[in-house]
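Chemist: Protein chains in written order, with UniProt numbering: chain A, 1 to 526; chain P, 1 to 398.
Quick one: this structure, given as structure tokens, is what I'll be asking you about.
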Amino acid sequence: MSGGCGRNPPPFPDNEDQEAELDTRVLDSDEDDDDEGEDIFTGARSKPITPTSAPDEGDIFSEEGSYIRSDVHHATNGLHSDEELDLFTEATVELTLTNTTSQGRREIIGPTASACNTTHVPNSILKPSIVTKTMEELEEEESGDQFELNIAVTNPEKIGDGMNAYMSYKVSTQTTLPMFLNKTFSVRRRFSDFLGLYEKISAKHSLLGCIIPPPPQKSVVGMTKVKVGKEDSSSAEFVEKRRAALERYLQRVVAHPSLLQDPDVREFLERDELPRAVNTQALSGPGLLKMINRASDAVNKMTIKMNESDNWFESKLQEVENEEQLLRRLHAAVDSLVNHRKELCLNTAVLRKSVAMLGSVEENSALSRALSQLAEVEDKMEQLHQQQAFSDFFILAELLADYVRLLGAVRCCFEQRMKVWQRLQEAQSTLQKKREAEAKLLWANKPEKLQQAKDDINEWESKVSQYERDFERVTCTVRKEVLRFEKEKARDFKQHIVKYLESLLHTQHRLVKCWEAFLPEAKAIA
Amino acid sequence: MTSISEDSDKEKMRSVSVDLNNDASLVIDIPDALCERDKVKFTVHTKTTLSSFQKPEFSVPRQHEDFIWLHDTIVETEEYAGFIIPPAPPKPDFEGPREKMHKLGEGESSMTKEEYAKMKQELEAEYLAVFKKTVQVHEVFLQRLSSHPMFRKDRNFQIFLEYDQDLSVRRKNAKEMFGGFFKNMVKSADEVLISGVKEVDEFFEQEKNFLLDYSIKIKDATAKAEKMTRSHKIADDYNHISGALNNTAADNNTAFKKHLEKCAEVFEKLRKVEDRMASDQELKLTELLRYYTRDIQAAKDLLYRRARALADYENSNKALDKARLKGKDVAQAEENQKQCLQKFDKLSESGKKELTSFKARRVVAFRKNLIEMTELEIKHAKNSVSLLQGSIEILKSN
Numbered sequence: 001m002s003g004g005c006g007r008n009p010p011p012f013p014d015n016e017d018q019e020a021e022l023d024t025r026v027l028d029s030d031e032d033d034d035d036e037g038e039d040i041f042t043g044a045r046s047k048p049i050t051p052t053s054a055p056d057e058g059d060i061f062s063e064e065g066s067y068i069r070s071d072v073h074h075a076t077n078g079l080h081s082d083e084e085l086d087l088f089t090e091a092t093v094e095l096t097l098t099n100t101t102s103q104g105r106r107e108i109i110g111p112t113a114s115a116c117n118t119t120h121v122p123n124s125i126l127k128p129s130i131v132t133k134t135m136e137e138l139e140e141e142e143s144g145d146q147f148e149l150n151i152a153v154t155n156p157e158k159i160g161d162g163m164n165a166y167m168s169y170k171v172s173t174q175t176t177l178p179m180f181l182n183k184t185f186s187v188r189r190r191f192s193d194f195l196g197l198y199e200k201i202s203a204k205h206s207l208l209g210c211i212i213p214p215p216p217q218k219s220v221v222g223m224t225k226v227k228v229g230k231e232d233s234s235s236a237e238f239v240e241k242r243r244a245a246l247e248r249y250l251q252r253v254v255a256h257p258s259l260l261q262d263p264d265v266r267e268f269l270e271r272d273e274l275p276r277a278v279n280t281q282a283l284s285g286p287g288l289l290k291m292i293n294r295a296s297d298a299v300n301k302m303t304i305k306m307n308e309s310d311n312w313f314e315s316k317l318q319e320v321e322n323e324e325q326l327l328r329r330l331h332a333a334v335d336s337l338v339n340h341r342k343e344l345c346l347n348t349a350v351l352r353k354s355v356a357m358l359g360s361v362e363e364n365s366a367l368s369r370a371l372s373q374l375a376e377v378e379d380k381m382e383q384l385h386q387q388q389a390f391s392d393f394f395i396l397a398e399l400l401a402d403y404v405r406l407l408g409a410v411r412c413c414f415e416q417r418m419k420v421w422q423r424l425q426e427a428q429s430t431l432q433k434k435r436e437a438e439a440k441l442l443w444a445n446k447p448e449k450l451q452q453a454k455d456d457i458n459e460w461e462s463k464v465s466q467y468e469r470d471f472e473r474v475t476c477t478v479r480k481e482v483l484r485f486e487k488e489k490a491r492d493f494k495q496h497i498v499k500y501l502e503s504l505l506h507t508q509h510r511l512v513k514c515w516e517a518f519l520p521e522a523k524a525i526a
Numbered sequence: 001m002t003s004i005s006e007d008s009d010k011e012k013m014r015s016v017s018v019d020l021n022n023d024a025s026l027v028i029d030i031p032d033a034l035c036e037r038d039k040v041k042f043t044v045h046t047k048t049t050l051s052s053f054q055k056p057e058f059s060v061p062r063q064h065e066d067f068i069w070l071h072d073t074i075v076e077t078e079e080y081a082g083f084i085i086p087p088a089p090p091k092p093d094f095e096g097p098r099e100k101m102h103k104l105g106e107g108e109s110s111m112t113k114e115e116y117a118k119m120k121q122e123l124e125a126e127y128l129a130v131f132k133k134t135v136q137v138h139e140v141f142l143q144r145l146s147s148h149p150m151f152r153k154d155r156n157f158q159i160f161l162e163y164d165q166d167l168s169v170r171r172k173n174a175k176e177m178f179g180g181f182f183k184n185m186v187k188s189a190d191e192v193l194i195s196g197v198k199e200v201d202e203f204f205e206q207e208k209n210f211l212l213d214y215s216i217k218i219k220d221a222t223a224k225a226e227k228m229t230r231s232h233k234i235a236d237d238y239n240h241i242s243g244a245l246n247n248t249a250a251d252n253n254t255a256f257k258k259h260l261e262k263c264a265e266v267f268e269k270l271r272k273v274e275d276r277m278a279s280d281q282e283l284k285l286t287e288l289l290r291y292y293t294r295d296i297q298a299a300k301d302l303l304y305r306r307a308r309a310l311a312d313y314e315n316s317n318k319a320l321d322k323a324r325l326k327g328k329d330v331a332q333a334e335e336n337q338k339q340c341l342q343k344f345d346k347l348s349e350s351g352k353k354e355l356t357s358f359k360a361r362r363v364v365a366f367r368k369n370l371i372e373m374t375e376l377e378i379k380h381a382k383n384s385v386s387l388l389q390g391s392i393e394i395l396k397s398n
């Protein structure tokens, strides 16, 4: 399985867990098929190419002209929500799924030593010819080859002026997957393109019960400031937030094996010019239609009372809803931390100036020097606070925000299943009515209409069986997706927590150094 | 009602000024204090070998206002005009923790029991810290008096230490209050006087310039330091985060739960360290600046008194000339002039001594505090480092 590949992620103890779970799932399915499948794959697997750092590759993924990146980068992971205000209102987005292969997820956040934001998304190689996948095949894909796909979103550039201006981002891909035309390529995309991609994916995959990663939030306020051309730190921060969010979004999308196969995704990454996605504008026709749909969905959700045969779904949904609430609270606490640290940072800066002034007036020369040094220390501390606040935000806060929205997407996934069930119910009741009608006709002895009734019954019988199959499939998919999601979530959180603690560690280290440098100065006072 | 008996942090606390109480003939401390609502009752304990006292060892209860009374009487004593009078201790200020307590009460419903208990604990610690600080500041005031060759002999000081009844002059009566206000007004006018008076003595000229400038800067630095240490409440956030993490973990039962719990643990431990970091900075730096702002003011007061004496002397000169012209009351005027000169000379002489020793004292205090603060901060940061390293190890190996 994963061990066979040359290009392995840094060994994670999770690996063992992964394998164990995969094994059990593999056992569930048809074993013969699996063995064959694996053999085929292991035989055909070529050694995945380690991305040697060809110069341009490095360039694509290195931090060109972006802001305070080194801390930020390790943190970003595909999903961002921009404005805190509308952070959670969009939770009822249509089905979203962040399922990735076991290795895939790990490597997205993998603490790669380089400052590059390369993330490796080894995807299982999927038999390209097969369009519909059976559950067994999907499972086996997880254990498949590792091919790589790195995505980076960089170089935000403002195009145009005034209210028609927009930010264009460079989306660079580096891959060894054969389905792409090149190994390395990049395109420029704007925010609405990302939203358009989401719409397309969502339309296709949500019905299958996939959890589809939600895109970053629209933000009128943030964008307006950028458009108007305010060159201040808040709009710079906004752009950086968004860039990181877009990157995490894409990474999550391609980490999902079925989504990666979607031609729209490929087109998004490869094609030079993308037609403007106009239905993403809030006040367009399609936009309004979407809003109406969403409203009706919400109403539906309230009225669907599903006869749940499987307790798993009911309790899982409850879990998801609870967790969403708890994560929200956690996010609020982290948010508060970020703000306080920023405040502390400002106050430290102010103090520094004051101490420096005091030092300059001090008549005792040694004390005067010590006070100036103290001002230096405060200066360094200010920087440390600033950086730490950054880490607080990008490593912790954004992670939590992402997951609140992802959990919302998971909920939608469940709702989708309910819709499918509802459709099945309706079909069944229609079938029932047709049968009754036929019985009535028989009794009333009207042979001419009988044929029609029989036809109707046939039609609806096949519909019912189709819908039954659909429901089975969706149920299966949702289950699988949720399990995958949970695994990913655990791994994601662990990695981010470790990363965050490392950032704290780094800060404290620097603090020690700061103070240690100051100590001799203090002792030199006489 | 909170009370402290043996102040374990005494050594740390008694660092703002240099070590007093070196002289065993008069040893004062405040071993105990009670806090009732707003009023703090200090127990002033004295041990002495001086015969001027009735007993070799005794304790009296005193309130903050008593200290103020003592300070004011010393200030108003003409004899001490040439000395830097130790600044009066500031009023005990529990406003900060009280406000927090109020907010905590309001926010009780929105947090878990553990969080609430923790915050309450923290709040109590804060309260205690304010309490200890105010005790220390009152103690130092008395100790400076006792270690000064002139002040320790002051009659009012003795009364303060010894008199076991209520000092009935606790509340300034209206006249005195008004007088105090007037005094302050005049003083600021005299600030101008100080800058305006022509100084013949190089030493005093320098001192004046230095003190005026320095007092502005140190006041500013104190304010900024206070603001910063007040905003260093990261520990609170860590507390909330830890609580929220635990809540989230409680609902789960997978690897996820383990990670969250571990993380919550880390935050909890960090909280304590962060708290100490903030409070030590407050104690060593902010408190130091606060104290010396007051002390600088006392030094300025000395200069002001001397400047007044100088002005008086110059006036007496003018009066003498006038008398000589008129031929009347010459002897009186001469006498007056002689006295003014004497007074001025005396003030200048003792003033010089006082200001010189003040410099030394200030430098020593700064040195001590800065060193202590630095060492403490290093210790705390190192604690954090090892704590974080350990946790990262555990998480990674999990």
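Where a beta carbon is used, it is the ideal one built from N, C-alpha and C, also for glycine.
As the structure is a computational prediction, the values presented were derived from the model and not from experiment.
What's the call for residue 390 of chain P, buried or exposed, on a 16-neighbour Cβ count within 10 Å?
Modeler: Residue 390 of chain P is exposed by the Cβ-count criterion.
Chemist: Who are the near neighbours of residue 457 of chain A in its chain, counting only those whose CB is closer than 8 Å to its CB and skipping five residues on each side?
Modeler: 431, 434, 435, 438.
Chemist: Compute the Euclidean distance between the alpha carbons of residue 41 of chain P and residue 165 of chain P, then round it to the nearest angstrom.
Modeler: For residue 41 of chain P and residue 165 of chain P, the distance between alpha carbons rounds to 14 Å.
Chemist: Contact criterion: CB-CB distance below 7 Å. Does residue 508 of chain A meet it with respect to chain P?
Modeler: It does: the Cβ of residue 508 of chain A has a partner Cβ on chain P nearer than 7 Å.
Chemist: How about residue 280 of chain P and residue 376 of chain P: are their beta carbons less than 7 Å apart?
Modeler: Closer than 7 Å, so yes.
Chemist: For a contact defined as C-beta to C-beta under 9 Å, what are the partners of residue 227 of chain P on chain A?
Modeler: 347, 350, 351, listed in chain order.
Chemist: For residue 329 of chain A, would you say it is in contact with chain P, using Cβ-to-Cβ distances shorter than 7 Å as the test?
Modeler: Closer than 7 Å to some Cβ of chain P, the Cβ of residue 329 of chain A qualifies, so yes.
Chemist: Within the region 38 to 116 of chain P, note down every full beta strand (DSSP E) run reaching 3 residues or more, in order along the chain.
Modeler: 39 to 48, 57 to 63, all fully within the region 38 to 116 of chain P.
Chemist: Check the Cβ-Cβ distances between residue 217 of chain P and every residue of chain A, and say whether any is below 7 Å.
Modeler: Yes, residue 217 of chain P lies at the interface with chain A (some Cβ there is under 7 Å from its Cβ).
Chemist: Identify the contact partners of residue 341 of chain A in chain P, using a Cβ-Cβ distance below 7 Å as the criterion.
Modeler: Result: 234.
Chemist: Could you check where the beta strand (DSSP E) with residue 167 of chain A kicks off and where it finishes?
Modeler: 166 to 175 is the span of the beta strand (DSSP E), which, as asked, contains residue 167 of chain A.
Chemist: Does the beta-carbon distance from residue 252 of chain A to residue 213 of chain A come in below 7 Å?
Modeler: It is a contact, given that the beta carbons lie within the stated cut-off.
Chemist: Output the boundary residues of the alpha helix (DSSP H) element that contains residue 487 of chain A.
Modeler: 447 to 523 is the extent of the alpha helix (DSSP H) around residue 487 of chain A.
Chemist: With a threshold of 16 other CB atoms inside 10 Å of the CB of residue 462 of chain A, please say whether the residue is buried or exposed.
Modeler: Residue 462 of chain A is exposed by the Cβ-count criterion.
Chemist: Could you tell me how far apart the beta carbons of residue 211 of chain A and residue 413 of chain A are, in whole angstroms, since I believe they sit closer than 8 Å?
Modeler: With a Cβ gap of about 5 Å, residue 211 of chain A and residue 413 of chain A count as contacting.
Chemist: Mind checking whether residue 244 of chain P and residue 330 of chain A have CB atoms under 7 Å apart?
Modeler: Cβ distance < 7 Å, so residue 244 of chain P and residue 330 of chain A count as in contact.
Chemist: Taking C-beta to C-beta, are residue 235 of chain A and residue 226 of chain A nearer than 7 Å?
Modeler: Yes. Within cutoff.
Chemist: Hey, residue 285 of chain P and residue 369 of chain P are a contact pair by Cβ (cut 8 Å); roughly how many whole angstroms apart?
Modeler: Right, the Cβ-Cβ distance comes to about 7 Å (below 8 Å), so this counts as a contact.
Chemist: Can you name the residues of chain A whose CB is closer than 8 Å to the CB of residue 275 of chain P?
Modeler: Within chain A, no residue comes near residue 275 of chain P; the closest Cβ sits about 14 Å away, beyond 8 Å.
Chemist: Less than 8 Å between the CB atoms is what I'm expecting for residue 242 of chain P and residue 264 of chain P, so what's the real figure, rounded?
Modeler: So it is a contact: roughly 5 Å between Cβ atoms.
Chemist: Between residue 370 of chain P and chain A, is the shortest Cβ-Cβ distance under 7 Å, so that the two count as touching?
Modeler: Yes, its Cβ sits closer than 7 Å to a Cβ of chain A.
Chemist: Mark residue 102 of chain P as exposed unless 16 or more other C-beta atoms lie within 10 angstroms of its C-beta, in which case mark it buried.
Modeler: Burial call: exposed.
Chemist: Could you tell me whether any Cβ in chain P is nearer than 7 Å to the Cβ of residue 365 of chain A?
Modeler: Chain P contact via Cβ: absent.
Chemist: Give, in chain order, every residue of the region 393 to 406 of chain A whose Cβ lies closer than 7 Å to some Cβ of chain P.
Modeler: Hits within the stretch: zero.
Chemist: On the CB-based measure, 16 or more other CB atoms within 10 Å of its CB, does residue 163 of chain A come out buried or exposed?
Modeler: Exposed, because fewer than 16 other Cβ atoms sit within 10 Å of the Cβ of residue 163 of chain A.
Chemist: Within 10 Å of its beta-carbon, does residue 250 of chain A have 16 or more other beta-carbons around it, so buried, or fewer, so exposed?
Modeler: So residue 250 of chain A counts as buried.
Chemist: Please report the residue range of the beta strand (DSSP E) in which residue 186 of chain A lies.
Modeler: Looking at the DSSP string, the run of the beta strand (DSSP E) that includes residue 186 of chain A is 184 to 190.
Chemist: Find the nearest neighbour of residue 50 of chain P within the set P:85, P:220, P:25, judged by alpha-carbon distance.
Modeler: Ranking P:85, P:220, P:25 by Cα distance to residue 50 of chain P puts P:25 first.
Chemist: What residue range does the beta strand (DSSP E) around residue 35 of chain P cover?
Modeler: Residues 26 to 36.
Chemist: Taking 6 Å as the cut-off, is the CB of residue 215 of chain P close to at least one heavy atom of the ligand MG?
Modeler: Because no ligand of any kind appears in the structure shown, any question about the ligand MG cannot be addressed here.
Chemist: Quick one: complete alpha helix (DSSP H) runs, 4+ long, within the region 282 to 365 of chain P?
Modeler: 287 to 326, all fully within the region 282 to 365 of chain P.
Chemist: Can you tell me whether residue 207 of chain P is buried or exposed? The criterion is at least 16 other CB atoms within 10 Å of its CB, across all chains shown.
Modeler: By the neighbour-count rule (16 or more Cβ atoms within 10 Å), residue 207 of chain P is buried.
Chemist: Kindly list, in the order they appear in chain P, the residues whose Cβ is closer than 7 Å to that of residue 488 of chain A.
Modeler: Chain P residues near residue 488 of chain A: none, gap ~10 Å exceeds 7 Å.
Chemist: How about residue 224 of chain P and residue 351 of chain A: are their beta carbons less than 7 Å apart?
Modeler: Yes.
Chemist: Does the structure place the region 503 to 519 of chain A close enough to the region 348 to 368 of chain P that three or more beta carbon pairs sit under 8 Å?
Modeler: At 8 Å Cβ cutoff, the stretches do not touch.
Chemist: Would you kindly work out how many angstroms separate the C-alpha atoms of residue 387 of chain P and residue 141 of chain P, rounded to a whole number?
Modeler: Taking the straight line joining both Cα atoms gives about 40 Å.
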